[in-house]
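Visitor: If you read the sequence shown in our numbering, its first letter stands for residue -7, the second for the next number, and so on.
Beta carbons are placed, not taken as given, at the ideal position from N, Cα and C, and that holds for glycine.
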Amino acid sequence: MRITPLLALLGACVLSAAARRPPNIVLLYADDIGWGDLGCYGAKVIPTPNLDRLAAQGTRFTDGYCVAATCTPSRYSLLTGEYAWRRKGTGVLPGDATMIIRPGRPTLASSLAQLGYATGVVGKWHLGLGSGAVDWNKQIDPSPNQIGFSYSFIMAATGDRVPTVFVEDGRVVGLDPKDPIEVNYRNKPYPGDPDLTLPAERAKLKMDWSHGHNMALVNGVGRIGWMKGGKAALWNDETMGDTFCDKACGFIAANKHKPFFLYYASHECHVPRVPNPRFLGKTPLGPRGDAVVAFDEQCGRILAELDKHGLAEDTLVIYSSDNGPVLDDGYKDRAVELNAQAGHFAAGPFHGGKYSILEGGTRVGLIARWPGRTPAGMVSAAMVSQVDFPATLTKLAGGDPADFLKVDGVDVSAAFLGGAGRDHVISSTQSLQLSYRDARWKFIPGIGHRRAKTPTVVDRTEQNDEIENLDAANDRLFDLQADPGERKNVIAEHPDVAARLKGLLDAQKAKGVNQPLPK
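#1: Just the C-alpha distance for N137 and G162, rounded to the nearest angstrom, thanks.
#2: Secondary structure at V285, three-state DSSP: helix, strand or coil?
#3: Are the beta-carbon atoms of L303 and N42 separated by less than 8 Å?
#4: Is the CB-CB distance between K223 and D171 below 8 Å?
#5: Taking the alpha-carbon positions, what's the A332 to P65 distance?
#6: Terminal residues of the continuous alpha helix (DSSP H) containing V328?
#7: Using 8 Å as the threshold, is the segment 24 to 43 in touch with the segment 123 to 134, meaning 3 or more CB pairs across them?
#8: Note down, in chain order, each residue of its chain lying with its Cβ closer than 6 Å to the Cβ of T51, except the 5 sequence neighbours on either side.
#9: One question on the structure: do G301 and D23 come within less than 8 Å of each other, judged by their Cβ atoms?
#10: Is there contact here, the segment 86 to 95 with the segment 392 to 408, by at least three beta-carbon pairs under 8 Å?
#11: Less than 8 Å between the CB atoms is what I'm expecting for T62 and Q422, so what's the real figure, rounded?
#12: To which residues does DSSP link E160 through a beta bridge?
#13: What do you get for E539, buried or exposed, if any count of 16 or more other CB atoms within 10 angstroms of its CB means buried?
#14: In the DSSP assignment, find the unbroken beta strand (DSSP E) run with R94 in it and report its ends.
#15: Which ranges would you report for the beta strand (DSSP E) in the segment 39 to 72 if only whole runs of at least 3 residues count?
#16: Can you grab the Cα-Cα spacing for the pair P269 / E230, in whole Å?
#17: When we look at the beta-carbon of G151 and count the other beta-carbons within 10 Å, is it buried (16 or more) or exposed?
#18: So S97 packs on T72, CB below 8 Å; how close in whole Å?
#19: For a quick check, are the C-beta atoms of A338 and D55 less than 8 Å apart?
#20: Go through its chain and collect everything with a Cβ distance to P264's Cβ below 7 Å, but skip five positions before and after it.
#21: Please work out which residues of its chain come closer than 7 Å, Cβ to Cβ, to A490, disregarding the five sequence neighbours upstream and downstream, and give them in chain order.
#22: Tell me which residues share the same chain as A406 and place their Cβ nearer than 7 Å to its Cβ, disregarding the 5 neighbours each side in the sequence.
#23: Could you check what DSSP says for T189 in three-state terms: helix, strand or coil?
#24: Three-state secondary structure (DSSP) at Y256?
#25: Specify, as a first and last residue, the run of the alpha helix (DSSP H) that A245 falls within.
#26: State the Cα-Cα distance for the pair A225 and P487, rounded to the nearest angstrom.
#27: What residues match up with L469 in a beta bridge as DSSP calls it?
#28: Is the CB-CB distance between I139 and P155 below 8 Å?
#29: When DSSP builds the beta bridges, which residues end up paired with L209?
#30: Among all the DSSP beta bridges, which residues are the ones paired with L85?
#31: Are Y256 and A240 touching if we call contact CB-CB under 8 Å?
#32: Under 8 Å between the Cβ atoms of L493 and R432?
#33: Roughly how many whole angstroms lie between the Cα atoms of L424 and W77?
#34: On the premise that L104 lies in contact with G253, defined as a C-beta separation below 8 Å, what is that separation, rounded to the nearest angstrom?
#35: Are the Cβ atoms of I45 and D306 separated by less than 8 Å?
#36: Between V505 and N176, what straight-line distance do the alpha-carbon atoms span, to the nearest angstrom?
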């Protein structure tokens, strides 16, 4: 068939328009899943075929970081481009907290919405809701829908905190008006609540608690905080992952004809780990390992949904996690014992985990797949922090990242295309301990006293108690090239390096806390 000049011109225009279409963006965000929990990062006893396939088809980063070693601050920074330690009130929140991202400030979601994206968040929120005392029986405002998301289906906080209900577009799902919800975090049980600290009551639990988690009783599991009412709206822990994944796939199907951003914030493998029975025994690690398999299946379903609608080629898919791993985080699910028996190191080669300033606390898995743009099968050592996501994804979507570059974000779009990343990473903990890392070195200021031993930090060896707790009083410097496990403090050998990094960190701290946001 002969192609006329007019047809050729029209074809070129069509191709040009297609080339200009911004990518769909899907962020697969794990909860408490460590650097070493995926097969593509070296896990031997946890099958993760879907995320392994994503890594094979895209770029796997070895130096990807969340911002903090706990969830709320990492999620805050991921959406705002601002270090959470700069903003008071961004620590781990109770389930009835006021929303800490105020409407009107730029967020990743609002930036993409301004570019014409449909924007959805499904899963764990944990950034607060409402502007005061939340009335769970009415429309909740603000919710994610007021900071840039056109659709939201979330849990307010975490699975171990009340209220244990889903909230869709600001409304509790399935609530019976005749059974209103009340929530309190004032250590005041409601009449009829069992005392889960008593041996007789603990014996009845579906999953016993190891510390905390002994207040409200929901689905046979103790939670943090007290809750009354809302029985028809209570979630089912075993089907929660399926429910979230159904909503995510539905969002993709409903918005397949326009660019969309899906922030899929799974609850796997945060405590309480109660995966669907079909996952039980998939690993020798008990509920924690089985929950990672459940998350991988959810990712597989979402990737399959993209394939079903012919969207994979036009979609940037990113995997990461909100902080490093934790084994015992308040429930007796044998994670510590079973991981030791299987020789599984959830933080990979690193020491520390959730709550820790060591690498295992904030260095997390990061995978990016954008066919034809991210190099397939590449393993990249580019440093990328989640605080960069608003600026970077806005840039890749064709927008102006200036609002986020004025805060703490860096445009690392080159890293997602096979190039370099940022030149330093600042990490933080719940207690606002900071660290500063460049390409080789990592500096951790001392806290002035010995840290109390905690049972929640996951680690490779008992030796880390000495590294994490006993040495925390002193300034520390690690050579990450020679010592990625942060076993040897070399500050005495390299005082000049420590002084340089301390100066850079102090300069960042001098920019202040709770400063007015840039206009």
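Guide: Let me lay it out:
#1: 8 Å
#2: helix
#3: no
#4: yes
#5: 30 Å
#6: 327 to 334
#7: no
#8: A360, T366, P367, M370, S372
#9: In the sequence on display, residue 301 carries His and not Gly. Taking 8 Å as the Cβ cut-off, H301 and D23 do not qualify as a contacting pair.
#10: no
#11: 5 Å
#12: F145, R163
#13: Since the first residue shown for the chain is -7 and the last is 511, residue 539 is missing from the structure and cannot be characterised.
#14: From DSSP, R94 is part of no beta strand (DSSP E); its letter is neither H nor E.
#15: 51 to 57
#16: 7 Å
#17: buried
#18: Going by the sequence as given, residue 97 is Arg instead of Ser. Correct: roughly 7 Å between the Cβ atoms.
#19: no
#20: G151, D152, M199, V213, D229, Y323
#21: F435, D467, L469, I483
#22: A412
#23: coil
#24: strand
#25: 232 to 246
#26: 58 Å
#27: F435
#28: no
#29: G214
#30: According to DSSP, L85 bridges with nothing at all.
#31: yes
#32: no
#33: 6 Å
#34: Reading off the sequence, residue 253 comes out as Phe, not Gly. That belief holds up - the Cβ atoms of F253 and L104 are roughly 5 Å apart, short of 8 Å.
#35: Per the sequence shown, the amino acid found at residue 45 is Arg instead of Ile. No, Cβ-Cβ distance for R45 and D306 is not below 8 Å.
#36: 29 Å
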